[in-house]
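Notes for the one structure printed next.
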Amino acid sequence: MRAIVLSTTAEGPTWLERHDLEPPEPEDAEIVVEVRAAALNHADLDELAGTYASAQRRADRPHVVGSDLAGVVTSVGSAVSGVRPGDHVMAMVDGAFADRVAFDHRIALPVPDALNWPEAAALPSALMTEHDALLNQGQLAPGQSVLITAATSGVGLIALDIAQWAGAAQVFATTTSPQKELLLTARGARAVNTRSTDLAETVLAATGGRGVDLVVDHVGGALLDACIAATRIGGTVVQVGRASGPVSTIDVDRLAYRRVHLIGTTFRTRGADDRARIAQAIRTHLLPAVADGRVRPHVHEVIALAQAARARAELATPTSAGKIVLDFR
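Position one of the sequence shown corresponds to residue 8 (our numbering), numbered consecutively onward.
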């Protein structure tokens, strides 16, 4: 079968398309899915750079890259319940960029009828990450205000939708592009261009000096300190992504004065049971909002699997908004 694997060359790590891998067989609690589409994430770039490793990766299976897929169930293990061959599912997994992928059936999400394959592939990591960040870690309540950084990324746009679905009264969303401001405004957010505007000053002015109740930060770096400054006394900052790197310098006096709760989170260290619990919450509470369009993916481009290197280069450019998806059909 075809797969994109992580390979080492004289120039360093790279992606290599192989056609000689054996299709997986499901273990007792696993399903095997024939992949129709798979979405790229910034974690794929981090993995290539050697700065991302998942605790869930199987050492006894080839190092296939990718973490978001959508496809058709072809077989199930003996202990699987609730999923059958022929079901259309999407999932956040390790090793998504392959014709067939085996994984724990508990993290499979049913694909709503309204979605096509690329749209379905664009959702799993975003749904898992942002549902956890906003509702589990951030404890977002109806009527509260939210700030989302890097909001035109694939996960950022889903965070915006989930915040509004959960009843946020006001959502601020950052970008560095005037063109992307229009996308954020169209989705109901107050766009803040951090390249031309001071983030904390803008948010504080718009909230009467109070600040927002909750920040979901996908950037880190220098922006983390501005996020803390934009948060109300006793508010919460959930640090999800580190697009600007793993090191930030913050004003600890400000953190203490404002009594801000700073929470760091990642899925790379989450165990199977934790992932299954979050997937179940999404199936129960959030998928109806996906089905009726209140939470909707934004696909930037669909690219053939044979052009995976171009897709990776496109992801690394600042012009893309939403998800870049590989077509496996």
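A virtual CB, placed ideally from N, CA and C, is assigned to each residue, including glycine. Remember, it's a predicted structure, so these values are computed and weren't measured experimentally.
Span of the alpha helix (DSSP H) around residue i
i	result
M135	131-138
D232	230-236
T209	206-213
I285	279-288
Q186	185-193
D355	Because residue 355 is not part of the residues shown, which for the chain are 8 to 336, the question remains open.
E321	315-322
A50	49-55
A296	294-298
Own chain partners of residue i with C-beta closer than 8 Å, once the 5 adjacent residues on each side are dropped
i	result
H70	V12, L13, R64, G102
T183	N200, T201, R202, P325
D232	S255, T256, I257, D258, R261
Residue nearest to residue i in terms of C-alpha spacing, selected from the options
i	options	result
P131	Q144, A45, G150	A45
A328	V267, Q246, G161, A170	G161
A279	T291, A36, E137	A36
E24	V244, A318, G248, L312	L312
E188	A212, A166, T159	T159
L221	G300, L191, D205, R265	R265
G212	L230, T243, R239, L190	A small correction: the amino acid at residue 212 is Ala; Gly does not occupy that position in the sequence shown. Checking every option, the nearest Cα to that of A212 belongs to R239.
T214	A166, Q151, L269	Q151
S82	V210, P253, V40	V40
L269	A296, N123, C234	C234
L293	T204, A10, I165	I165
R277	V100, T15, A86	V100
F335	E18, L230, S85, A77	A77
G300	N123, D281, A176	N123
Contact check, residue i vs residue j, beta carbons under 8 Å
i	j	result
V223	L142	no
D94	V72	no
V332	P92	no
F179	R194	no
A109	P185	no
A133	V153	no
V267	G145	no
L55	P20	yes
A283	D111	yes
G228	S251	yes
V42	R107	yes
L147	A173	yes
R290	D168	no
Terminal residues of the beta strand (DSSP E) in which residue i lies
i	result
R43	37-46
D220	219-224
E126	Careful: E126 lies outside any beta strand (DSSP E), inside the alpha helix (DSSP H) at 124-128.
P20	19-25
V162	Note, V162: premise wrong, no beta strand (DSSP E); alpha helix (DSSP H) at 161-172.
R107	107-111
H95	95-99
A180	177-182
N200	197-200
L142	Neither: L142 is in no beta strand (DSSP E) and is coded neither H nor E.
V306	306-311
R28	Going by the sequence as given, residue 28 is Leu instead of Arg. Note, L28: premise wrong, no beta strand (DSSP E); not H, not E.
D75	75-83
G271	268-271
V153	152-155
S14	10-16
Anticipated Cβ contact below 8 Å, residue i with residue j, distance rounded
i	j	result
A50	S74	6 Å
A237	G216	With a Cβ gap of about 11 Å, A237 and G216 do not count as contacting.
A127	V118	4 Å
A121	A263	Incorrect: roughly 47 Å between the Cβ atoms, too far for contact.
T181	L206	7 Å
P315	W22	Position check: residue 315 holds Ala in this sequence, whereas Pro was assumed. Contact flag correct, Cβ pair sits at about 6 Å.
Other residues of its chain near residue i: CB distance less than 7 Å, five sequence neighbours each side excluded
i	result
A115	I38, V90, V96, A98
A318	L47, I310, I331, L333
T136	V162, V247, F274
H225	T156, A157, S160, V162, G163, V247, G248, A250
E321	E308, S327, I331
V306	P125, E126, A129, G329, K330, V332
M8	L28, P30, A105, D106, R107
T209	V199
Near the ligand MN: residue i beta-carbon under 7 Å from a heavy atom
i	result
Q171	What this structure holds is no ligand at all, so the ligand MN is not there to describe.
Contacting residues, own chain, Cβ-Cβ under 6 Å from residue i (five flanking each side not counted)
i	result
R249	G227
D139	I285
P149	G174
G84	P33, E34, D35, A36, E37
A17	none
Interface flag, residue i vs chain D, CB-CB below 8 Å
i	result
E41	Checking the listed chains, one finds no chain D in this structure; it contains a single protein chain.
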